[in-house]
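Just below is one structure, and these are the notes that go with it.
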Amino acid sequence: MRDFLKDNLALLNHKSPELCSLIKDATNDNQYNIATSKSGIPTLVRVLPGGTKRALHSKYDPLHEAAEFVDANYSNEKSNYILIGLGLGYHLNDLHKRISSQERIIVFEKSASLTRLALSQNDFSDVLSNPRVSFHVDVDPNKIEQILYDDRTNLAIHGYTTINLKPLVKLEKDYYKLIHIEIEQAHQKFKQDINTQAVYSQKFYKNIFDNGQAIIESPGIL
9 MRDFLKDNLA LLNHKSPELC SLIKDATNDN QYNIATSKSG IPTLVRVLPG
59 GTKRALHSKY DPLHEAAEFV DANYSNEKSN YILIGLGLGY HLNDLHKRIS
109 SQERIIVFEK SASLTRLALS QNDFSDVLSN PRVSFHVDVD PNKIEQILYD
159 DRTNLAIHGY TTINLKPLVK LEKDYYKLIH IEIEQAHQKF KQDINTQAVY
209 SQKFYKNIFD NGQAIIESPG IL
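Okay, so the sequence shown: first residue is 9 according to the numbering used here, each after it adds one.
Below is the structure:
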């Protein structure tokens, strides 16, 4: 049987050694369990306080569920995708098959142990080999602007589509609410910055145009 975790961590180490170390060191906190769905595909269960179990993916066919989920959220226009909640990553793999080489996927997941579990259950080789896909695990919401800074122009121009893994997000609603707020604030700031740059650029070239004839006719410095 293929060792998905080993292969995925090797690829993740090339992409982000720091994140790879975090995932490697993550211990099983027993909050998440793997069960087998009716289709034979692994599915995810959250163990709540008191021992109650809650399914976070379909008990019947997680792959089909993920395809329908992405169908409902996929944009036909060029977009950046921000995935909130990884789960076992079925929706991530499905989305990755659909995007163009110019589109971006940014993943936020609170739990390092859940991320490790996902990497142990699925083949993420295509996703992890794509430089336009990034993972951010257990990040401080106050650092969202810094995390997204390199994508500021892309986000300002093309915007983004948020895909929330709702069953998981509901369980960590306080954390993910902060993530959402910080993402939107960063996006608004990036748009404001690029609009300001555009205004100054227009003024700059307008001045050149308005003064062009005078510049041409100027005898210069003798």
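Ideal Cβ placement from N, Cα and C applies to all residues, glycine included.
Per DSSP, cross-strand counterpart(s) of residue i
i, result
"Val115", "Leu91 and Phe143"
"Arg62", "Arg54"
"Ile42", "Leu52"
Span separating the alpha-carbon of residue i from that of residue j
i, j, result
"Asp148", "Lys174", "20 Å"
"Asp15", "Lys197", "38 Å"
"Ala34", "Asp79", "32 Å"
"Asn38", "Tyr68", "23 Å"
"Ser108", "Ser45", "31 Å"
"Ser29", "Thr123", "12 Å"
"Lys185", "His195", "15 Å"
"Val141", "Gly59", "35 Å"
"Gln154", "Arg160", "10 Å"
"Asp11", "Gln129", "9 Å"
"Val121", "Thr204", "A small fix is needed here, since residue 121 is Ser in this sequence, not Val. So the alpha carbons of these two residues sit roughly 42 Å apart."
"Asp182", "Ile191", "15 Å"
"Asn36", "Pro57", "16 Å"
"Glu231", "Ile202", "No answer is possible for residue 231: the residues shown for the chain start at 9 and end at 230."
"Glu76", "Leu163", "26 Å"
"Asn88", "Gln110", "9 Å"
"His22", "Lys32", "14 Å"
"Ile49", "Phe132", "15 Å"
"His144", "Val115", "6 Å"
"Gly187", "Gly95", "Here residue 187 turns out to be Ile, not Gly, going by the sequence shown. Roughly 17 Å separates the two Cα atoms."
Residue i in three-state terms, based on DSSP
i, result
"Arg106", "helix"
"Asn150", "helix"
"Tyr168", "coil"
"Tyr157", "helix"
"Phe198", "helix"
"Thr123", "helix"
"Glu26", "helix"
"Lys181", "helix"
"Glu192", "helix"
"Ser47", "coil"
"Asp33", "helix"
"Lys86", "coil"
"Asn138", "coil"
"Leu176", "helix"
"Lys211", "With a pLDDT of only 48 at Lys211, under 50, the local geometry of the prediction cannot be trusted, and the value read off the model is given with reservation. Helix, per DSSP."
"Leu230", "Interpretation of Leu230 is limited by its pLDDT of 46, a score under 50 that renders its predicted location unreliable; no figure is taken from the coordinates."
"Leu163", "helix"
"Leu96", "coil"
For residue i, the first and last residue of its enclosing beta strand (DSSP E)
i, result
"Pro50", "Pro50 to Val55"
Residue i: first and last residue of the uninterrupted alpha helix (DSSP H) it sits in
i, result
"Phe132", "Here Phe132 belongs to no alpha helix (DSSP H), and DSSP marks it neither H nor E."
"Glu76", "Pro70 to Asn81"
"Leu19", "Phe12 to Lys23"
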